[in-house]
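Numbering (full-length UniProt numbering), first residue to last: 1 to 452.
What follows is the structure in structure tokens.
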């Protein structure tokens, strides 16, 4: 619930306050009173805020399901009996929210922060002061050609990609825990996001990424003041360097699924798409899949939404993981009926965010795909490039290569009969196409000077 009242005469205050307080009490809504003067008249803005924040109950291991305290910073499960250690999920005490209306729990902006972004869902996020650059609440664009297709435009985030959500939460919690030095291996976009939020928080960022990442990823990370190392290799090689050096250097590793809070940032995509669709699930969600945090985070969000009673329990959307044929470990494992993926050798695709030879969360993703009756598929770079040009010229949207993998996958699954044109689907464009102009131009055969 939201209530705003402007009172020009002081003697009206008790009556107005009493009415607002009674209304808000029914909705478990807290109030803040902001006095100010307009000329010589005392005015008060009464802002309805959130119900009591949820608290973190514990961290739960995705493998052994042990409960771990969240009082100190955690990476992977410290008690898993056999490797690999499980990723940790944040579990909350939802007792104060369960059964409430979503409108009563969602935060609107304030005069000091008029754009709440993903923090509109802070009732289901850790109760800490956020490091925010305005991430989240990205547009849901309806296709001009396909009436049941919606494009979730994550390129509208700060730093131009969906990575802003996860790193905003990870850096927020790192500051909360008193950490000062963060490190990450990146295929490109996580580098810029960590660098930006670390700069905003006054923290050190140490970034390792392949030498051939899109140039914009390198430039922005350096511009934000991060310590950037370019590596002759893949993100897996970068991850090995971080793992080998983090103890000696005093770095906290915020790698994909190796700390609990990037998933929490990414889960807000699930809350958003459901809210933007009128608190209903779509029939399918297409997600470009490298590390897979977004897919995992959205599935977690759907479970929370059902627990809170904000959506009707029922058939969740089919989750569709989209990869490039030059690096498709999850798609290969899905087709083979395997529980986990194998390392993809000689990974190569111009969709750099999909160039993850073996994601740490592969087993979690494969379980989600099967539970949702979804699928994983891979498309060639040529098909991805065709979809970039198709959407640019017919929809006015310049997709990232990863986003174009999702749009191309939709065409493929409609043609194959896996989905029907009447199915309502959400396609994720995980980044702005402008961040990839060098690699996209190369794929198109374009040169700045046609004579050179």
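Just so it is clear, CB atoms sit at the ideal spot from N, CA and C, and this is done for glycine as well.
Under the rule that a run must span 3 or more residues, the beta strand (DSSP E) segments found entirely inside the segment 99 to 172 read 140 to 142, 149 to 153. Residue 73 and residue 193 have their C-alpha atoms roughly 20 Å apart. In this structure, residue 165 lies near residue 266, with their beta-carbon atoms less than 7 Å apart. Of the residues 85, 136, 88, 84, the one whose Cα lies closest to the Cα of residue 108 is 136. Looking at the backbone, the Cα of residue 208 and that of residue 144 are separated by about 40 Å. Pairing residue 94 with residue 400, the inter-Cα distance amounts to about 37 Å. Around the Cβ of residue 316, a 10 Å sphere holds 16 or more other Cβ atoms; the residue is buried. Residue state for residue 320 is assigned as strand, using DSSP reduced to three classes.
Judged by DSSP in its simplified three-state form, residue 329 adopts helix.
With contacts defined as CB atoms closer than 7 Å, residue 288 and residue 322 qualify as a contacting pair.
Excluding five sequence positions before and after residue 55, the CB atoms of its chain that fall closer than 8 Å to its own CB belong to 92, 93, 127, given in chain order. Note that the C-beta distance between residue 380 and residue 325 is below 7 Å. Taking residue 378 as the centre and dropping the five residues before and after it, the same chain places the C-beta of 323, 324, 325, 328, 331 closer than 7 Å to its C-beta, in chain order. In the structure shown, residue 431 falls within a strand segment according to DSSP collapsed to helix, strand and coil. Rounded to the nearest whole angstrom, the C-alpha separation of residue 278 and residue 295 is 21 Å. Taking all protein chains in view, the Cβ of residue 362 is crowded by 16 or more other Cβ atoms within 10 Å, so the residue is classified as buried.
Taking the Cα positions, residue 275 is about 16 Å away from residue 297. Shortest Cα-Cα distance from residue 412 to any of 76, 153, 384 involves 384.
For residue 230, DSSP records a beta bridge to 209. Residue 183 is bridged by DSSP to 206, 253. Judged by DSSP secondary structure, residue 285 falls within the beta strand (DSSP E) whose first and last residues are 284 to 288. For the pair residue 253 and residue 415, the Cα-to-Cα distance works out to about 42 Å. Per DSSP, residue 411 lies in no beta strand (DSSP E); the unbroken alpha helix (DSSP H) holding it starts and ends at 401 to 416.
Exclusion of the five residues before and after residue 159 leaves 192, 193, 196 as the residues of its chain whose Cβ lies within less than 6 Å of its Cβ. Short of 8 Å from the beta carbon of residue 348, and not among the five residues preceding or following it, lie these beta carbons of its own chain, in chain order: 326, 327, 355.
For a cut-off of 8 Å, the C-beta gap from residue 204 to residue 180 is around 6 Å, short enough to register as a contact. The C-beta distance from residue 125 to residue 141 rounds to 25 Å, too long to meet the 8 Å contact threshold. DSSP places residue 55 inside the beta strand (DSSP E), whose first and last residues are 55 to 61.
If you compare the alpha carbons of 182, 210, 211, 188 with that of residue 198, the shortest gap goes to 182. Excluding five sequence positions before and after residue 169, the CB atoms of its chain that fall closer than 6 Å to its own CB belong to 261, 264, 265, given in chain order. Take residue 237, set aside five residues on each side of it, and the residues of its chain with a beta-carbon closer than 7 Å to its own are 231, in chain order. Proximity to residue 189 across 448, 441, 431, 438 peaks at 431, based on C-alpha coordinates.
For residue 393, the uninterrupted alpha helix (DSSP H) segment begins and ends at 381 to 395.
Going by C-alpha positions, residue 283 is about 42 Å away from residue 246. Per DSSP, residue 369 is not a residue of any beta strand (DSSP E); the alpha helix (DSSP H) it occupies stretches across 362 to 371.
Counted as a single uninterrupted DSSP element, the alpha helix (DSSP H) harbouring residue 271 occupies residues 261 to 276.
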